[in-house]
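Input: a single structure, listed below in structure tokens.
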């Protein structure tokens with residue numbers, strides 16, 4: 001029956017469209033063996049959907065532990081539910097990409113890396129004379145939690161770090177969010193920026209997430225990788241770790257190594273287009289080969305031939321967007337001093353926003369064209385290897401940038417041409 005026919009039927013019966021009641025109901029329908037409905041009745045209470053209320057949603061700070069069915073620890077996280085503590089954490093360390101302050105509760109996974117590296121600022125904020133009584137009560141919960149969580153680590157940190165040493169239980173304290181780190185791999189060193197640190201406890205290994213700079217044949221952009229930190233016994237030098245912050249590198253070599261990586265990054269950028277080069281060294285393939293031949297660098301074709309090695313960019317839109325603070329609202333009752341303070345605060349926030357936007361733009365996708373000029377920070381994070389094809393072995397592989405050089409063509413090649421002195425017979 002058409003819609004018009006239904007309208008005529010309603011008019012004939014003298015009734016309009018049915019009235020829908022604004023309520024929710026749960027019913028159970030029983031059918032016979034032929035699929036015909038036998039009965040419809042309200043669902044029993046024991047079978048209805050239930051929304052479980054969190055019994056702990058009124059706690060300022062909640063530590064939540066997730067276990068598997070075999071009682072193995074999956075993760076431990078801190079949930080900040082107090083608005084006063086949320087505001088404090090947002091003001092002090094909300095600019096970090098590791099912290100999402102736009103949600104409630106604010107969640108921080110163990111080992112609470114962001115809190116450890118901003119612990120001094122958080123404690124100083126708590127002691128400020130402008131705090132209200134309620135803020136002081138709630139902030140004391142945060143300060144007490146940090147004291148309980150970090151006391152032993154801080155003592156060990158103070159004892160070893162100034163000496164350039166570290167033990168495995170505190171190795172996680174070395175890595176500050178967004179800090180540059182040197183990553184030692186076979187045959188080369190590369191640089192990354194700290195993005196995450198995952199682990200369950202201080203006796204198992206850690207997974208350090210870092211961000212670097214790469215190319216996919218069309219765009220330059222940020223890529224993520226993970227470096228494992230395996231447990232070790234006793235105490236070791238920080239610079240002997242497979243990954244460590246640039247600030248701990250030997251003073252006499254730090255600037256030299258950093259500058260060398262920047263120069264290598266610029267060399268890498270000059271080679272990403274199709275380039276004919278000479279190469280002497282090993283390739284990075286499933287079976288390493290010693291290569292002494294000419295190679296062709298070609299990112300786009302390499303990725304077509306090896307799609308499992310294609311460059312996968314980070315979620316740059318979400319993870320690289322800085323979270324900035326909103327300026328305070330004007331209630332119209334401020335006196336002159338308060339107005340001046342508000343203006344100064346607004347100017348400070350605007351300056352911070354500009355710096356955050358500059359930081360964001362620095363690590364955003366860049367199209368490979370003549371307008372793109374690579375910065376030193378981007379060059380520092382570039383790969384140590386270039387994608388290419390070995391003309392001798394007829395194989396696609398990764399080649400160390402430092403071992404690739406321009407081809408040395410012979411001067412006056414015609415003068416070196418030798419022809420058999422015997423006359424040719426026609």
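Numbering (full-length UniProt numbering), first residue to last: 1 to 426.
Ideal Cβ positions, reconstructed from N, Cα and C, are used throughout, including at glycine.
All of these numbers come straight from a predicted model, not from anything done at the bench.
Rounding to the nearest angstrom, what Cα-Cα distance links residue 56 and residue 246 in this structure? Within the chain shown, the letter at position 56 stands for residue 56. Within the chain shown, the letter at position 246 stands for residue 246. Whole-angstrom Cα-Cα distance: 42 Å.
Mind listing, in chain order, the continuous alpha helix (DSSP H) runs of no fewer than 4 residues lying wholly within the region 234-315? 251-271, 299-305
Ordered along the chain, which non-local residues of its own chain (more than five positions away) have a Cβ less than 8 Å from that of residue 92? For the purposes of this step, residue 92 is taken as the residue at position 92 of the chain shown. So the list reads 118, 121, 122, 125, once near-sequence residues are dropped.
Buried/exposed call for residue 140, threshold 16 Cβ in 10 Å: On the chain shown, residue 140 is found 140 positions in, with the first residue counted as 1. Exposed, since its Cβ has fewer than 16 Cβ neighbours within 10 Å.
Distance, residue 115 Cα to residue 376 Cα: If you number the chain shown from 1, residue 376 lands on position 376. If you number the chain shown from 1, residue 115 lands on position 115. Each residue's alpha carbon lies about 30 Å from the other.
On the DSSP letters alone, give me the boundaries of the alpha helix (DSSP H) that residue 93 sits inside. If you number the chain shown from 1, residue 93 lands on position 93. Its alpha helix (DSSP H) spans residues 83-93.
Exposure label - residue 268; buried when at least 16 CB within 10 Å: Position 268 of the chain shown, counted from the first residue, corresponds to residue 268. The residue is buried, with at least 16 neighbouring Cβ atoms inside 10 Å.
For the structure I just gave you, are there three or more beta carbon pairs, one from the region 34-51 and one from the region 70-79, closer than 8 Å? no
Which of helix, strand or coil DSSP assigns to residue 6: As a first step, residue 6 is located in the chain shown; it is residue number 6 there, counting from the start. Low confidence applies here, because residue 6 scores a pLDDT of 49, under 50, leaving its location unreliable; read the following figure in that light. Residue 6 falls in the helix class under three-state DSSP.
Have a look at the DSSP bridge pairing and note the partners of residue 27. As a position in the chain shown, residue 27 is number 27, starting the count at 1. Looking at the DSSP assignment, residue 27 forms a beta bridge with 42.
Between the beta-carbon of residue 384 and the beta-carbon of residue 171, is there less than 9 Å? If you number the chain shown from 1, residue 384 lands on position 384. If you number the chain shown from 1, residue 171 lands on position 171. Cβ distance not < 9 Å, so residue 384 and residue 171 don't count as in contact.
Could you give the residue range of the alpha helix (DSSP H) that holds residue 146? Translated into positions along the chain shown, residue 146 becomes position 146. Unbroken alpha helix (DSSP H) run through residue 146: 133-160.
Measure the CB-CB distance between residue 142 and residue 60 and report whether it falls below 9 Å. Within the chain shown, the letter at position 142 stands for residue 142. Within the chain shown, the letter at position 60 stands for residue 60. Their beta carbons are under 9 Å apart, which means residue 142 touches residue 60 by this criterion.
By DSSP, does residue 117 sit in helix, in strand, or in coil? Your numbering for residue 117 matches position 117 in the chain shown. Helix at residue 117.
Cβ of residue 46 versus every heavy atom of the ligand SAM: is any distance shorter than 8 Å? The ligand content of the structure shown is nil, which means the ligand SAM is not present either.
Under the three-state DSSP convention, the category residue 414 falls into: Residue mapping note: residue 414 aligns to position 414 of the chain shown, counting from 1. Helix, per DSSP.
For residue 193 and residue 211, the rounded distance between their alpha carbons: In the chain shown, residue 211 corresponds to position 211, counting from 1. In the chain shown, residue 193 corresponds to position 193, counting from 1. Distance between the alpha carbons of residue 211 and residue 193: 5 Å.
Have a look at residue 238 and residue 144 and give me their C-alpha separation to the nearest angstrom. Against the chain shown, residue 238 aligns to sequence position 238. Against the chain shown, residue 144 aligns to sequence position 144. One C-alpha to the other measures close to 30 Å.
Hey, could you find the ends of the alpha helix (DSSP H) residue 380 is sitting in? In the chain shown, residue 380 corresponds to position 380, counting from 1. It spans 376-380 - the alpha helix (DSSP H) in which residue 380 sits, taken as one unbroken run.
In the DSSP output, which residue or residues are listed as bridge partners for residue 78? In the chain shown, counting from the first residue as 1, residue 78 sits at position 78. For residue 78, which the question treats as bridged, DSSP gives the partners 63, 108.
Among the residues of its own chain, which have a CB less than 6 Å from the CB of residue 242, if the five just before and after it don't count? Here residue 242 refers to the residue found at position 242 of the chain shown. These residues qualify, in order along the chain: 184.
With distances taken between CB atoms, is the gap from residue 208 to residue 380 smaller than 9 Å? On the chain shown, residue 208 is found 208 positions in, with the first residue counted as 1. On the chain shown, residue 380 is found 380 positions in, with the first residue counted as 1. Cβ atoms of residue 208 and residue 380: not closer than 9 Å.
Using DSSP with H/G/I as helix, E/B as strand and the rest coil, what is residue 173? Counting from one through the chain shown, the residue named residue 173 turns up at place 173. Note: residue 173 maps to helix in three-state DSSP.
Quick check: what's the CA-CA separation for residue 230 versus residue 199? Position 230 of the chain shown holds residue 230. Position 199 of the chain shown holds residue 199. The alpha-carbon atoms of residue 230 and residue 199 are separated by roughly 11 Å.
Just grab the DSSP bridge partners of residue 228 for me. Counted from its first residue, the chain shown places residue 228 at position 228. Partner(s): 207.
Can you pull the DSSP bridge partners for residue 366? Mapped onto the chain shown, residue 366 falls at position 366. DSSP lists 220 as partners of residue 366.
Taking buried to mean at least 16 other C-beta atoms within 10 Å of its own C-beta, is residue 110 buried or exposed? The residue you call residue 110 lines up with position 110 of the chain shown. By the neighbour-count rule (16 or more Cβ atoms within 10 Å), residue 110 is buried.
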